[in-house]
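Written out below as structure tokens is the structure these notes cover.
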Amino acid sequence: MYRTILVINTMHIGDLMLVTPALRTLRESYPEAEITLLTDKPLGDLVRCNRNIDECLLIDKHGADKGLLALVRFIRRIRRRHFDLVINLHRNERASAIAAFSGAKRIVGYAQPFFRRFFDQVLPNNAMADTPPDRVKHQVLCHLDVLREAAGVTRIDDRGLEMWLPEEAEQQAERLWQEHILRGEGGRRDGKTPPQVVAFNIGASWATKRWPADYFAACADALLREGYDVLFLGGPTDVALVAGCTALMEERQSPRLHVLTGKVSLAVLAGLLERSCLFLTTDSGPMHVGVAMNVPIVTMFGASPVPTFYPYDAKDILIKTPEPCHPCGIHDCPKKGAAHMACMKHIPVAVVMRYVHELLAAYGGRPARELPRSGAGSHACRIVEL
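All you need for our numbering is the position in the sequence shown, starting with 1, plus 5.
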């Protein structure tokens, strides 16, 4: 039915990973179609090797494609492609405009109000904060609804989040693993006992998504004393945050503590997670990358709505508190004193470590790449409300 299909999602790390089940479903439904994914240039390594697309088209929205005139030029490039179907999977102005003026034979998906008149079919994104509670769905399921209701898809093939690494990223991840984990000061010199590595991501785009740094430090200390290696990950904006956290650790001089925060690309981060046996993380883009790499996850949710953005894997555990203001969706907590960041402060270290130990025991401390994937079926994580 459709020979050429363009899927648009140009926003954040997590948003992009949550599109991958839709890409698989499109490929299964239209095996002969040429499927192109449009995303933000800095995120390209997360999806350019995705086996369910034919091309990854990148927009440099903070560089060469920044500004209105540059956007018009970019849209002209899209129009010259004469796509049969354009599916917009992010409801922001830029993505809505690109879809609306793409010149495609059929345009569907989410859209800002002004651009809706140019779409053939607009659907609500029922993962957004303005969704009535009785209609809320996980973001992945909302994307699959778009395919079912507007793109002619009759069979959903949802195997969870997926990612394939570029070869150079895989090689760099292996090199770093060898240098820092296996042959570093904390490496096992008998060559018989591989290290069991718990990865940490303590940063997040919003302050209200961050569990206290001293809580993370206490978890890291406990794991190091138990014989695990601890690997701090994260991007350049997390460097100071991680430095502050490790400074609070009693075991900060341990040779089994490794800090690669701000030193690796997103794809290399994924390769390191694939070699780890557990991921302790905030609600963040790296959390969703971890889901795609099959690593068991323990996460703490504060400001974010749980039903729409939980880690999309049944092996994972999400912990939250029943604060009356949850989920606030606010970037900085406005409360003062003891009530400030209560949603995070009221998740104790002991509780988190209980579930860390549970997952380590359940999956034998094996690296994520050795664990079976869940396959088709429910991908709802376990939610623990304290």
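Don't be surprised by glycine CBs; every beta carbon is placed ideally from N, CA and C.
Cβ distance (whole Å) where residue i is taken to contact residue j below 8 Å
i: LEU222; j: CYS250; result: According to the sequence provided, residue 222 is Ala. The question's Leu does not apply to it. The Cβ separation is near 5 Å, so the contact holds.
i: ALA308; j: PRO339; result: About 11 Å separates the two Cβ atoms, so there is no contact after all.
i: ARG8; j: ASP89; result: 5 Å
i: ASP50; j: THR15; result: Not really, about 15 Å apart at Cβ, beyond 8 Å.
i: ILE335; j: TRP216; result: Not really, about 16 Å apart at Cβ, beyond 8 Å.
i: PRO312; j: VAL141; result: 5 Å
i: PRO310; j: ALA134; result: 7 Å
i: LEU42; j: CYS61; result: 5 Å
i: TYR368; j: CYS282; result: 7 Å
Residues of its chain near residue i, where Cβ-Cβ distance is below 8 Å and the 5 sequence neighbours each way are ignored
i: MET292; result: GLY19, ASN206, PHE284, THR286, ILE302, THR304 and PRO316
i: ALA381; result: ASP162, ASP163 and ARG164
Between the CA atoms of residue j and residue i - distance to the nearest angstrom
i: ARG86; j: LEU323; result: 43 Å
i: MET254; j: GLU231; result: 15 Å
i: MET22; j: MET298; result: 11 Å
i: ALA204; j: VAL269; result: 14 Å
i: ASP65; j: PRO47; result: 8 Å
i: ASP321; j: ARG387; result: 6 Å
i: ARG374; j: ARG280; result: 6 Å
i: LYS325; j: CYS147; result: 23 Å
i: ALA245; j: LEU265; result: 12 Å
i: ARG180; j: ALA104; result: 41 Å
i: ARG188; j: ASP234; result: 13 Å
i: SER383; j: MET168; result: 19 Å
i: VAL389; j: HIS263; result: 29 Å
i: ASP226; j: HIS362; result: 14 Å
i: THR213; j: PRO26; result: 28 Å
i: ASP219; j: ALA252; result: 9 Å
i: ARG84; j: ARG153; result: 25 Å
Extent of the continuous alpha helix (DSSP H) run through residue i
i: ARG378; result: Taken as a continuous stretch (DSSP letters only), ARG378 belongs to no alpha helix (DSSP H), as it is neither H nor E.
i: MET22; result: 18-22
i: VAL354; result: 354-367
i: MET292; result: 290-297
i: PHE79; result: 73-84
i: MET349; result: 347-350
i: ILE103; result: 98-105
Range covered by the beta strand (DSSP E) that runs through residue i
i: ILE64; result: 60-64
i: ALA209; result: No beta strand (DSSP E) contains ALA209, which DSSP labels as neither H nor E.
i: ALA262; result: Going by the sequence as given, residue 262 is Leu instead of Ala. Start and end: 262-264.
i: LYS325; result: 322-325
i: PHE237; result: 234-237
i: ASP45; result: 39-45
i: VAL113; result: 111-114
i: GLU255; result: Element bounds for GLU255: n/a, residue is neither H nor E.
Close beta carbons around residue i, own chain, < 6 Å, minus the five adjacent residues each side
i: VAL151; result: GLY114 and LEU128
i: ARG194; result: With a pLDDT of 45 at ARG194, under the threshold of 50, the predicted position of this residue should be treated as unreliable, and no value is reported.
i: SER259; result: LEU229
i: ASN130; result: ARG96, TYR115 and CYS147
i: LYS110; result: ASP89
i: PRO372; result: ARG280 and CYS282
Sequence-distant residues of its chain with Cβ nearer than 7 Å to residue i (five each side left out)
i: ALA156; result: LEU90, ILE92 and VAL113
i: ARG29; result: ASN57, ASP162, ARG164 and GLU167
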